[in-house]
Amino acid sequence: MDLFEYQGKQYFARFGIPTSPGAVADSVEEAVAKADELGYPVVVKAQVKVGGRGKAGGVKLAANAEEARQHAQAILGMDIKGHVVHRLWIERASDIAKEYYASFTLDRSAKLHLCMVSAKGGVDIEEVAATDPGAIARRHVDPVDGFPLEAAREVVAAAGLDEAAREPAAALLVQLWDCYDQGDCDLAEINPLILTTDGRVHALDAKVSLDDNAAFRHPEWAEFAGTETEDPREKLAKEKGLQYVGLDGEVGIIANGAGLAMSTCDVVEQVGGKPANFLDIGGGANAAQMANALEVINADPKVRAIFINIFGGITRGEEVANGIVEALGRVEIASPIVVRLDGTNAEEGRRILAQVPPERLESRPTMIEAARRAAELARQRA
1 MDLFEYQGKQ
11 YFARFGIPTS
21 PGAVADSVEE
31 AVAKADELGY
41 PVVVKAQVKV
51 GGRGKAGGVK
61 LAANAEEARQ
71 HAQAILGMDI
81 KGHVVHRLWI
91 ERASDIAKEY
101 YASFTLDRSA
111 KLHLCMVSAK
121 GGVDIEEVAA
131 TDPGAIARRH
141 VDPVDGFPLE
151 AAREVVAAAG
161 LDEAAREPAA
171 ALLVQLWDCY
181 DQGDCDLAEI
191 NPLILTTDGR
201 VHALDAKVSL
211 DDNAAFRHPE
221 WAEFAGTETE
231 DPREKLAKEK
241 GLQYVGLDGE
251 VGIIANGAGL
261 AMSTCDVVEQ
271 VGGKPANFLD
281 IGGGANAAQM
291 ANALEVINAD
301 PKVRAIFINI
311 FGGITRGEEV
321 ANGIVEALGR
331 VEIASPIVVR
341 LDGTNAEEGR
351 RILAQVPPER
361 LESRPTMIEA
371 ARRAAELARQ
381 RA
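Set out below in structure tokens:
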């Protein structure tokens, strides 16, 4: 679960991480009232779960009430990369001397947590990594050992932070680790982490992603979930117990197994198509699962063709084929379907699928051929 900036700062506060004073506003009048309470100058910030707010005009400095009103009027309702602004964060402006970057996340390849700190803050960390990788100090963290203050001091020094910022930044980094570790985050990022002109270090922004798998330990997360704007496709899939991620393409994808589903997305891209989703129906592929998957795919108006990619292991090919045929009887499908069925009893499964009218379903022997045909059908119906 990704948090809005203001929620991330509220989460930071639970672990003692200093942030700028601020308040939430849902209307222009409320924004002006909050700005008056905080005292000018203030920063009016769009609350959307996407980067690039500043470049899009979603972050503005207001020196007085009239400017706060103008900026709130302009930002509320703004579309930033497909995210409409419904809420503002009004924050007291800070006198910034330097901007840094700090984060904790999981390095899956190393099977360890990863701390990253850079003296180049305020820009995308991906940009820094691409143009000046040496500007990012990295340190892996074993959760058994934790992240003591001495480790924080070492990584802050390696990043080349200004001398005046090093000790307070190290202390804050330990607090950020506590937030990440004890708070069950997938990502805890501060960009920028600032040094003010009077020598204080605090978080000027907050990007926090919570690990959904740890929700059972955090009943307080319910307050965050209530503000979550969920993709209706993902909501439907969740209700049906499916592993689904919505994408922006036109080829709907159903596969049995996360690895196969990811490979299917890659192959569709390889042949010139665009996947509309990642959908893993799990190890089995019975009629109920297939009908649920087809219903979710069918609910996406962008889908123009469906690619079902199944490798039969424990689940036999004829069972999969019968499941697909039965599912087609349960769900009225708007798009043509291409099936690649391989593995145990695949030939028998293909014979069953051959009985379905070709205008509704086509079968192809290999993944690349099936992906190519699905992409072709999607283009024809564009």
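Just so you know, we're using full-length UniProt numbering here: the sequence shown kicks off at 1 and counts up by one. C-beta atoms are modelled at their ideal positions from N, C-alpha and C, and glycine is treated no differently.
Boundaries of the beta strand (DSSP E) harbouring Q243: Q243 to G246, taken from the DSSP string.
Under the three-state reduction of DSSP, S103 is assigned to strand. Close CB contacts of A63 within its chain, under the 7 Å cut and outside five residues either way in sequence, are with Y40 and P41 (chain order).
Within the DSSP secondary-structure output, F311 pairs in a beta bridge with D342. In the assembly as shown, P133 is an exposed residue. Its beta-carbon has fewer than 16 other beta-carbons within 10 Å. The criterion of a C-beta distance shorter than 9 Å is not satisfied by G282 and V320. Looking at the backbone, the Cα of D124 and that of P148 are separated by about 27 Å.
When secondary structure is reduced to three states using DSSP, E91 falls in the strand class.
The residues L195, T196 and T197, in chain order, have a CB closer than 7 Å to that of A97 in the same chain once the five nearest residues on each side in sequence are set aside. If only uninterrupted alpha helix (DSSP H) runs of at least 4 residues are considered, those enclosed by the segment 120 to 185 are 125 to 131, 149 to 159 and 163 to 182.
Going by beta carbons, A374 and V245 fall outside the 9 Å limit.
The Cβ neighbour count for D205, taken over all protein chains shown within 10 Å, is at least 16; the residue is labelled buried. Per DSSP, the continuous beta strand (DSSP E) segment holding I253 begins and ends at V251 to A255. In this structure, the alpha-carbon of G323 lies about 23 Å from that of S263. Leaving aside the five residues that flank G8 on each side, the residues in its chain whose CB is nearer than 7 Å to its CB run, in chain order, A206, K207 and V208. In the three-state reduction of the DSSP assignment, V356 falls in the coil class. Per the coordinates, the alpha-carbon of T366 lies some 9 Å from the alpha-carbon of N309. Under DSSP, A23 forms a beta bridge with I90. Secondary structure of F278 (DSSP, three-state): strand. Three or more beta-carbon pairs drawn from the segment 107 to 114 and the segment 135 to 150 are found closer than 8 Å, and the two stretches are therefore classed as touching.
Cβ-Cβ separation between V356 and L328: approximately 7 Å, consistent with a contact (criterion under 8 Å). K55 counts as exposed, since fewer than 16 other C-beta atoms from the protein chains shown sit within 10 angstroms of its C-beta. For D300, the CB contacts under 8 Å within the same chain, skipping 5 residues up- and downstream, are R233, G246, G252, A276 and N277 in chain order.
DSSP, read as helix, strand or coil, puts K240 in coil. Pairing A203 with D211, the inter-Cα distance amounts to about 21 Å.
Residue burial is scored here from C-beta neighbours: T315 has at least 16 other C-beta atoms within 10 angstroms and is therefore classed as buried. Relative to the Cα of E29, the nearest Cα in the group G312, A164, A68 and H218 belongs to A68.
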